[in-house]
Amino acid sequence: EAFVAFVETHQDSIEKVIFNQAGFMLIEGAAREADVTRRVFARPVVPVFRVDQTTVTKTVDYLQRLSKYVNVAWLGPWIEPHLNAAQLLRLSLRCDIKGVVQRSNKIKTFELLDGYLDERLSKIDSIDYVSAVKGIGFNWSRDLYGCDGPFWNDRDHFSALGEQRFGARLMA
2 EAFVAFVETH QDSIEKVIFN QAGFMLIEGA AREADVTRRV FARPVVPVFR
52 VDQTTVTKTV DYLQRLSKYV NVAWLGPWIE PHLNAAQLLR LSLRCDIKGV
102 VQRSNKIKTF ELLDGYLDER LSKIDSIDYV SAVKGIGFNW SRDLYGCDGP
152 FWNDRDHFSA LGEQRFGARL MA
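According to our numbering, the residues represented by the sequence shown are 2 to 173, in order.
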């Protein structure tokens, strides 16, 4: 609520609020048990998770309150590999570009989440939705690391190299 009050007070100085939320926090169970969800994502076999519609609704309500004062865009979640960052660093240092085994259900979970958000927000004029899944066009075999280093700092955040790589795609 403090940020809403700040935006209301300073709306003449704010062109747009761009909101982003880690995708795994928008799947069922994650809001209550984030540590458990992270451990499940680290397993070799991962189920396809369902969207936590209650959490999405609370987020949409919050963004609609902000949109009374400024333009609001929701930069949707990207595909989060949830892989061991140290392993990615070792592979990049060896320049071992064979790739890591794809965890297709991880991709499917984030694609389903992106589709749900896109559909839901298409009905709300006050919030622009920008699909990071589509904008980044994540490819499991080439978007984890390169010979210069990993593109991920941890299981769901970009490294500096990742920010350059994926940021350029989002801005294209």
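Where a beta carbon is used, it is the ideal one built from N, C-alpha and C, also for glycine.
query	result
Given 8 Å, three or more beta-carbon pairs between the region 149–167 and the region 106–122	no
Cβ neighbours of residue 8 in the same chain (closer than 8 Å, five flanking residues each side left out)	15, 18, 67, 70 and 71
Span of the alpha helix (DSSP H), counted from its first residue to its last, around residue 84	Segment: none, residue 84 is in no alpha helix (DSSP H) and carries neither H nor E.
Closest residue to residue 78 among 148, 2, 6 and 139 (Cα-Cα distance)	139
Three or more C-beta pairs below 8 Å linking the region 56–63 and the region 119–139	yes
Residue 137, enclosing beta strand (DSSP E) - first and last residue	Element bounds for residue 137: not the beta strand (DSSP E) but the alpha helix (DSSP H), 133–137.
Limits of the alpha helix (DSSP H) - the one that residue 57 falls within	54–67
Through-space distance from residue 106 to residue 82, alpha-carbon basis	11 Å
Enclosing alpha helix (DSSP H) for residue 8 [first to last residue]	3–10
Where residue 50 falls: helix, strand or coil (DSSP)	coil
Whether residue 152 touches residue 24 by CB criterion (8 Å)	no
Residue 1 (DSSP reduced to helix, strand or coil)	The chain is shown only over 2 to 173; residue 1 falls outside these bounds and no answer can be derived.
Rounded C-alpha distance that separates residue 54 from residue 88	34 Å
Beta-carbon separation (whole angstroms), residue 51 vs residue 28, contact threshold 8 Å	7 Å
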